[in-house]
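Here is the structure we will look at.
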Amino acid sequence: MRQRWARNGSAAKAGLNAAILRSAWGSVRRFTTYKAKKRNKLVYTLPPAFTSQTCAKCGCCDANNRLDQETFHCVGCGHEANADVNAARVLQWLAIEAILRGELPKSETNKRKRVAFARKRETALELERLEVTSVSGDRQSPVEVQASNDADLRISA
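Just so you know, we're using this note's numbering here: the sequence shown kicks off at 5 and counts up by one.
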């Protein structure tokens, strides 16, 4: 079946949206956070609102600072840079300010994580490794303990 193209490019947008969903941006954040924490680096998530319009030199925020998609030119101080580099510096500046104010990122230990547990089966080999001690302090082998019906036994691993 041939796909019809709408005037506004909606079929093209649908393909782009599907590709974005397949790229799993949430996984990228999770992997990056994992790698950073493994190397004892701080991970701080900030809202990106207005970072592309804010100057990294003077802090001036104006919609006219963006000349085009890749060029940033501040109307306040005249600073000119690549738009992505400028936005990254603004985010860095915001993160440093937040840390200096004492707003550390919340730990992720509060989040519930799903973990699958398999029930552990006791095998004969595991029973041989257990050290069995009676209340009186006499050490017995597991075979002797199973043979005697003494209810006052404690098992210490």
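Built from N, CA and C at the ideal position, the CB exists for glycine as well.
All of these numbers come straight from a predicted model, not from anything done at the bench.
Got a sec? Which residues, its chain only, sit under 8 angstroms from residue i by beta carbon, not counting five neighbours each side?
{"i": "V79", "result": "C64, D66, N68, N69"}
Output the distance between the C-alpha atoms of residue i and residue j, rounded to the nearest integer angstrom.
{"i": "A91", "j": "A15", "result": "31 angstroms"}
{"i": "T2", "j": "G82", "result": "This structure cannot settle anything about residue 2, because the visible part of the chain is limited to 5 through 161."}
{"i": "R26", "j": "R34", "result": "15 angstroms"}
{"i": "E74", "j": "A85", "result": "9 angstroms"}
{"i": "A22", "j": "V32", "result": "17 angstroms"}
{"i": "G106", "j": "A28", "result": "32 angstroms"}
{"i": "A18", "j": "P52", "result": "25 angstroms"}
{"i": "C62", "j": "L50", "result": "20 angstroms"}
{"i": "F54", "j": "A87", "result": "12 angstroms"}
{"i": "K186", "j": "D72", "result": "Lying outside 5 to 161, the shown extent of the chain, residue 186 is not represented and no answer is given."}
{"i": "H77", "j": "L104", "result": "28 angstroms"}
{"i": "L20", "j": "V94", "result": "29 angstroms"}
{"i": "I24", "j": "V89", "result": "23 angstroms"}
{"i": "A102", "j": "G30", "result": "24 angstroms"}
Quick one: grab the DSSP three-state call for residue i.
{"i": "E101", "result": "helix"}
{"i": "A92", "result": "helix"}
{"i": "T49", "result": "coil"}
{"i": "R33", "result": "helix"}
{"i": "N86", "result": "strand"}
{"i": "N21", "result": "helix"}
{"i": "A28", "result": "coil"}
Give me the DSSP bridge partner(s) of residue i.
{"i": "F76", "result": "R70, A85"}
{"i": "C62", "result": "For C62, which the question treats as bridged, DSSP gives no partner whatsoever."}
Output needed for residue i: all residues of its chain with C-beta closer than 6 angstroms, excluding positions within five of it in sequence on either side, in chain order.
{"i": "Y48", "result": "A99, P109"}
{"i": "A40", "result": "V47"}
Short of 7 angstroms in beta carbon distance, which residues of its chain neighbour residue i, apart from the five on each side in sequence? Order them along the chain.
{"i": "A43", "result": "Sequence inspection shows Arg at residue 43; the Ala mentioned does not correspond to that position. Same-chain partners within the cutoff: there are none."}
(request) Decide yes or no for the touch test of the stretch 91–101 against the stretch 47–58: beta carbon pairs closer than 8 angstroms, at least 3 of them. (result) yes
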